[in-house]
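Everything in the sequence shown is counted per the UniProt record's numbering, starting at 1 for the first residue and increasing by one.
The next block holds one structure in the form of structure tokens; read it before the comments.
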Amino acid sequence: MPSEPFSEPFQPPQNTTRISRPGPSGVTYHIPHTPPPSPTSQYKTTIILPKASTWSSNLHWHETHTEYLCLKRGAIYVQLDNAFYILSAKHGGIFYSSHSHSHSSHLDTKTHDPVPILSSKIQNGVVTVDKGVRHCWHRASLYYSQLNSSTPSNEREEVLLPSDIDDDVIVQEHTSPTDIQKPLFFFNLNSILNSPPSAPLPVLARGARRVLGEWWIDFQLFVVFRELDNWPVIWGGGGRMAEYLASHLVLFLAGVLGRLVGVRAVVEERTPRELWDAWRREKGLVEKKRD
Numbered sequence: 001m002p003s004e005p006f007s008e009p010f011q012p013p014q015n016t017t018r019i020s021r022p023g024p025s026g027v028t029y030h031i032p033h034t035p036p037p038s039p040t041s042q043y044k045t046t047i048i049l050p051k052a053s054t055w056s057s058n059l060h061w062h063e064t065h066t067e068y069l070c071l072k073r074g075a076i077y078v079q080l081d082n083a084f085y086i087l088s089a090k091h092g093g094i095f096y097s098s099h100s101h102s103h104s105s106h107l108d109t110k111t112h113d114p115v116p117i118l119s120s121k122i123q124n125g126v127v128t129v130d131k132g133v134r135h136c137w138h139r140a141s142l143y144y145s146q147l148n149s150s151t152p153s154n155e156r157e158e159v160l161l162p163s164d165i166d167d168d169v170i171v172q173e174h175t176s177p178t179d180i181q182k183p184l185f186f187f188n189l190n191s192i193l194n195s196p197p198s199a200p201l202p203v204l205a206r207g208a209r210r211v212l213g214e215w216w217i218d219f220q221l222f223v224v225f226r227e228l229d230n231w232p233v234i235w236g237g238g239g240r241m242a243e244y245l246a247s248h249l250v251l252f253l254a255g256v257l258g259r260l261v262g263v264r265a266v267v268e269e270r271t272p273r274e275l276w277d278a279w280r281r282e283k284g285l286v287e288k289k290r291d
């Protein structure tokens, strides 16, 4: 289904909760706070990145879900395994693509404009991320900034940029199968990242926070990642099997420690009531009514 760019002004989707994280990596989420109306509905989370935001999804993969990224406004960089793309809402989809980070690798020899590599996984601004595909996305402006900073000034190429390079980015994510995992992921992840360092904790968790120090937040996130199908590339130096084993080992150990100290992926205080109830039903934690 084509992704039609949003017209001004942006209207938050119904039945969603707005959560923002300020700072250089600023981001705003509009997350569904009710279960999907049907198994076939597109149950979307909206992500907004303001100008100059350095937010990134970081390189990761999913094992039980196919993910769809629908670009609605602005320009983004997308990595799918070893392929790289610049997508622009105003330009209708792929603006530039390559299998390397050299921007000259796919330029028209006469106009020096980007020549898109067509991809069956990107159609009309919608990116299909199949199960197991390592992927990452962020603002296109961040990609060009990093490209310039890593290239000596006398070697920098003059490149054509998307006309919406400085616009706010709006992307909508949804998955197949349709379930509540994506909203649960974003609610619990953002609660962890927005929690004050001195937030009250049970005794065992407080001890773990003291021992882990600066790794405390990462540890909590790893527990969330493992439970909610978000596998980060923790070590990328030894091939795909090494990536897989490293991520599964680290997240398995985090899960074991989490159970020991009472750190869970989905917590009632971090989760809207209807999603919490649906999660408990899904896990078989709701007591059956007696006749």
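Built from N, CA and C at the ideal position, the CB exists for glycine as well.
Asked: Determine the extent of the beta strand (DSSP E) in which Ala75 is found, giving its start and end residues.; Found: 75–80
Asked: With distance defined between alpha-carbon atoms, name the residue in Ser57, Thr45, Val169 nearest to Gly74.; Found: Val169
Asked: Per DSSP, Pro232 forms a beta bridge with which residues?; Found: His60
Asked: For the beta strand (DSSP E) containing Gly93, name the first residue and the last one.; Found: 93–98
Asked: At 3 residues or longer, and completely inside the stretch 13–72: list those beta strand (DSSP E) runs for me, N to C.; Found: 16–21, 27–32, 45–49
Asked: Measure how close the beta-carbons of His174 and Gln42 come, nearest whole angstrom, since I'm counting them as under 8 Å.; Found: 5 Å
Asked: Below 8 Å, can you find three or more Cβ-Cβ pairs linking the stretch 255–266 to the stretch 209–224?; Found: yes
Asked: Given that a residue counts as buried once 16 or more other Cβ atoms are within 10 Å of its Cβ, and exposed if not, what is Lys283?; Found: exposed
Asked: Flag this pair as touching only if the stretch 38–55 and the stretch 139–150 have three or more C-beta atom pairs under 8 Å; answer yes or no.; Found: yes
Asked: Quick one: Cα of Arg280 to Cα of Val267, how far?; Found: 11 Å
Asked: In three-state terms, what does DSSP make of Phe10?; Found: coil
Asked: Given a cut-off of 8 Å, decide if Pro232 and Asn58 are closer than it, judged by their beta-carbon atoms.; Found: yes
Asked: Taking DSSP as the reference, what is the three-state secondary structure of Ala89?; Found: coil
Asked: Take Gly207 and list the residues in its own chain whose beta-carbon comes closer than 8 Å to its own, dropping the five residues that flank it on each side.; Found: Val261
Asked: How long is the line joining the alpha carbons of Ser104 and Gln123, rounded to whole angstroms?; Found: Confidence is the limiting factor: at Ser104 the pLDDT is only 45, short of 50, which leaves the residue's position unreliable, though a coordinate-based value still follows. Rounded to the nearest angstrom, the two C-alpha atoms are 23 Å apart.
Asked: Are Lys90 and Pro162 touching if we call contact CB-CB under 8 Å?; Found: yes
Asked: Ignore the nearest five residues each way along the sequence and tell me which others in Ala205's own chain have a CB closer than 8 Å to its CB.; Found: Val261, Gly262, Val263
Asked: What number of angstroms, rounded off, separates the C-alpha of Asn148 from the C-alpha of Val159?; Found: 11 Å
Asked: List the endpoints of the continuous alpha helix (DSSP H) containing Trp216.; Found: 216–227
Asked: Assign Leu249 to buried or exposed, taking buried as 16 or more other Cβ atoms, counted over all protein chains shown, within 10 Å of its Cβ.; Found: exposed
Asked: Out of Ile180, Pro197, Arg259, point me to the one whose CA is closest to Leu228's CA.; Found: Ile180
Asked: Hey, could you find the ends of the alpha helix (DSSP H) Glu243 is sitting in?; Found: 239–261
Asked: Among Val203, Ala246, Leu189, Leu184, whose alpha-carbon lies nearest the alpha-carbon of Arg273?; Found: Leu184
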